[in-house]
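Enquirer: Each protein sequence line maps, in turn, to chains W and C.
Residues in the first sequence are numbered consecutively from 1, following the numbering used here.
Residues in the second sequence are numbered consecutively from 1, following the numbering used here.
Sending over a structure as structure tokens; questions will come in a sec.
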Amino acid sequence: MITTFVLIAIAVLALAFFLGMLRGRASAVADASNLRGRTRSLDLVAFRNLVDPDEENYLRERLPRGEFRALQRERLRAALDYVQCVAANAAVLQRVGEAARRSEDPRVAATGQELVDTALDLRIYALLAQGKLYAGILIPGLRISPARIADSYEHLTRALSRLGRLQTPPHPYKIAATL
Amino acid sequence: MYPHSFLWHYLWLAPHALQVVLAAILIRRKLHREFPVFLLYTIFQILLNAVLFILDHDDSVSWYTYRYAEWIGDVLSIGLRFALIEEIFSVVLHSYPVLKQLGKTLLRWAILGLVVAAVAIAIYNPAVDYGSHIIAGLTMLNRAIAMIQCGLLLLLFLFSSYLGLSWRSYVFGIATGLGIFSATQLAIAAVQAQSGLGDRFLADFVPMGIYHVCVLVWLFYLLAPEPVPLAVSPVPECDFESWNRELRRLVQR
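Okay, structure coming up:
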């Protein structure tokens, strides 16, 4: 009987979800001009420092166990903020890429596609990295290496820079530099 | 076999009459190239229900003959719906090459997980047997299938929603219509597995009514014009400025 109730509840929620998608779709606006000001700035060097295994080992050796665990938790929470910010920025850039890949200029379209691909890669990796960071917060001694996310992020900003160069030559580096 | 009300006849015939229009639109707009399984499913539903309608109104056809025809039709429909879900996945992921492999892997694992869950529920909570093992088995099968199909569609929506994938109107309409149908089927199958097929309203009117809604959703999205996305070409000047401000703020921190 409980299983039946659970299944009915799941079905009702699913139905509400699908009907909600219909309503949401009707009000969705695919307006890329709304994207301005949606990105947040990031300090890549600081992020790398937070997830640097050498830095972690250094702290582990120098600090008492309890103090290290508390500090490591703080460091990972900060890194988690960075990752969430990276994922949010990637979502915005993905929309820029989506719009750019519809361009009639094949070079702009190709760079837009590359931007979309990199942003998606980054978002998937960010999802995995968040899981690892949460695990690290729960168990501070756990070995985690989400530093690769920084490389993906650099790749993403390079793609955006190329897109900017193709679209408006005077400004490209400013965009990438601010991400 | 037995007299039906006007509403019953309407709910049976109207969606399939609309599906004739749906098939015509698919072919006319050459969408059958992109959605061959959806066209096949639509045509199959039209033919199946035409045959069942004739059988239902022929006095020489026994209840068993009708039921066997209906069950065979149901099994083929289930197979086609799985193929349709696979087609929806392919169409959604088509413009995202980096996600193709991940999407396939996710689909396989999701099917495996949902099958295991459905089998576990079937063992833990078998359908109530009111005299017919076949009907009890079919009810359990229906519940399992509805659970798997609903789960796969939910997964697709959640996956694409998390990654912010853009859907074209047609595929969105097809997937949402199928999702509404699967979710309702799951609720009905769960109730039937617990209390039997007795309630005529639940067994006939609700599925027929919901199917009608699904066909209307499909038709609406096929007829509605595809929204023209706004392109950022070039990236607006003001965006550069705001990003520059962000950079300055970052440097000054």
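Each residue gets a CB set at the ideal place from its N, CA and C atoms; glycine is no exception.
Note down, in chain order, every chain C residue with its Cβ under 7 Å from the Cβ of T3 of chain W.
Expert: Under the 7 Å cutoff, chain C gives I121, Y124 and N125.
Enquirer: Along chain W, in chain order, which residues have C-beta atoms closer than 9 Å to that of G73 of chain C?
Expert: Residues of chain W passing the Cβ test: none, with the nearest at roughly 23 Å.
Enquirer: With a cut-off of 8 Å on the beta carbons, I'd call L120 of chain W and Q94 of chain W a contact; round off their distance for me.
Expert: Confirmed, about 7 Å.
Enquirer: Just to confirm the assignment: which complete alpha helix (DSSP H) runs, minimum length 4, are found wholly within the region 115-152 of chain C?
Expert: As far as the region 115-152 of chain C is concerned, it has no whole alpha helix (DSSP H) run of at least 4 residues.
Enquirer: With distances taken Cα to Cα, identify the nearest neighbour of L55 of chain C among C:E70, C:L163 and C:S182.
Expert: Comparing Cα-Cα distances from L55 of chain C to each of C:E70, C:L163 and C:S182, the minimum goes to C:E70.
Enquirer: Within 10 Å of its beta-carbon, does H133 of chain C have 16 or more other beta-carbons around it, so buried, or fewer, so exposed?
Expert: H133 of chain C is exposed by the Cβ-count criterion.
Enquirer: List the residues of chain W that P255 of chain C touches, going by C-beta distances under 9 Å, in chain order.
Expert: As shown, chain C starts at 1 and ends at 253. That puts residue 255 of chain C outside it, with no answer to give.
Enquirer: Using a beta-carbon distance below 7 Å, is C214 of chain C in contact with chain W?
Expert: Not closer than 7 Å to any Cβ of chain W, the Cβ of C214 of chain C fails to qualify, so no.
Enquirer: Does D58 of chain C come out as helix, strand or coil in the three-state DSSP assignment?
Expert: DSSP places D58 of chain C in coil when its eight states are reduced to three.
Enquirer: Which class does A224 of chain C belong to by DSSP, given the choice of helix, strand or coil?
Expert: The answer is coil: DSSP assigns A224 of chain C none of H, G, I, E or B.
Enquirer: Look at A146 of chain C and A189 of chain C and say whether their C-beta atoms are less than 7 Å apart.
Expert: Yes; because the gap between Cβ atoms is below 7 Å, this pair is in contact.
Enquirer: Under the three-state reduction of DSSP, which class applies to F35 of chain C: helix, strand or coil?
Expert: The answer is coil: DSSP assigns F35 of chain C none of H, G, I, E or B.
Enquirer: What residues from the region 76-92 of chain W come within 7 Å of chain C, judged by C-beta to C-beta, listed N to C?
Expert: The residues in question are A91.
Enquirer: With DSSP as the reference, label M1 of chain W as helix, strand or coil.
Expert: Coil.
Enquirer: If I8 of chain W and V191 of chain C are in contact, beta carbons under 8 Å, what's the gap, nearest whole angstrom?
Expert: Sure, about 7 Å apart at Cβ, within 8 Å.
Enquirer: Using a Cβ-Cβ distance under 7 Å, would T105 of chain C count as near chain W?
Expert: Answer no: the Cβ-Cβ gap between T105 of chain C and chain W never drops below 7 Å.
Enquirer: With distances taken Cα to Cα, identify the nearest neighbour of L15 of chain W among C:T139, C:Y211 and C:T184.
Expert: Of C:T139, C:Y211 and C:T184, the residue nearest in Cα terms is C:T184.
Enquirer: Output, in chain order, the set of chain C residues within a Cβ distance shorter than 9 Å of L44 of chain W.
Expert: In chain order: nothing, as chain C lies at least about 11 Å away.
Enquirer: Check each residue of the region 178-189 of chain C: if its Cβ is closer than 7 Å to any Cβ of chain W, include it; give the result in chain order.
Expert: Listed by position along the chain: G179, I180, A183, T184, L186 and A187.
Enquirer: Label W167 of chain C either buried or exposed according to how many other C-beta atoms from any shown protein chain fall within 10 Å of its C-beta, with 16 as the threshold for buried.
Expert: Looking at its Cβ environment, which holds 16 or more other Cβ atoms inside 10 Å, W167 of chain C is buried.
Enquirer: Can you say whether Q45 of chain C is buried or exposed, counting buried as having 16 or more other CB atoms within 10 angstroms of its CB?
Expert: It counts as buried.
Enquirer: Can a CB atom of chain W be found closer than 7 Å to the CB of L114 of chain C?
Expert: Not an interface residue.
Enquirer: Hey, how far is the Cα of P126 of chain C from the Cα of T65 of chain C?
Expert: Going from the Cα of P126 of chain C to the Cα of T65 of chain C covers about 27 Å.
Enquirer: What did DSSP end up calling P234 of chain C once you bin it into helix, strand or coil?
Expert: Note that P234 of chain C scores 49 on pLDDT, short of 50, meaning its location in the model is unreliable; the coordinates nonetheless yield the value given after this. Three-state result, P234 of chain C: coil.
Enquirer: Quick one: which chain W residues come within Cβ less than 8 Å of R191 of chain C?
Expert: According to the sequence shown, residue 191 of chain C is Val rather than Arg. Going along chain W in sequence order, the residues near V191 of chain C (Cβ under 8 Å) are T4 and I8.
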